[in-house]
Amino acid sequence: MPGGESDRTIAECLDCGNVYAVKEWPDGTIQPIGMRNGCQCGAAELQVIQKTNITNLRED
Numbered sequence: 166m167p168g169g170e171s172d173r174t175i176a177e178c179l180d181c182g183n184v185y186a187v188k189e190w191p192d193g194t195i196q197p198i199g200m201r202n203g204c205q206c207g208a209a210e211l212q213v214i215q216k217t218n219i220t221n222l223r224e225d
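For the sequence shown, the numbering used here assigns the number 166 to the initial residue and increments by one for each residue that follows.
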C-alpha cells in the first residue's frame with residue numbers, strides 16, 4: 166500500500182467500463198475496495214470518474 170491517507174471514490178475500468186468503489190492514494194494509486202488487482206475483466210487500469218466521498222452518497 167502507498168503511504169498516507171486514502172480517499173474513497175468511484176472509478177471506471179478503461180477496458181470494459183465496469184465501475185467500482187475504490188481507494189485513491191495521494192500518489193495517484195487506485196485500488197478497488199475488496200479486490201487486490203484491477204477489474205474483474207483482467208484489466209489493471211482504472212480511472213476516477215467522480216471526485217466524491219462515497220460515504221456521503223445516498224439514494225433519494
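All C-beta atoms, glycine included, are put in the ideal place defined by N, C-alpha and C.
Note that the structure is a prediction, hence the values are computed from the model and not measured.
Item: Check I198 in the structure and name its three-state DSSP category.; Value: coil
Item: Are D180 and G199 touching if we call contact CB-CB under 9 Å?; Value: no
Item: What is the C-beta distance between E177 and I214, in whole angstroms, given that I count them as a contact (C-beta under 8 Å)?; Value: 5 Å
Item: When burial is assigned at 16 or more other CB atoms within 10 Å of the CB, is P191 buried or exposed?; Value: exposed
Item: Could you give the residue range of the beta strand (DSSP E) that holds A208?; Value: Careful: A208 lies outside any beta strand (DSSP E) and carries neither H nor E.
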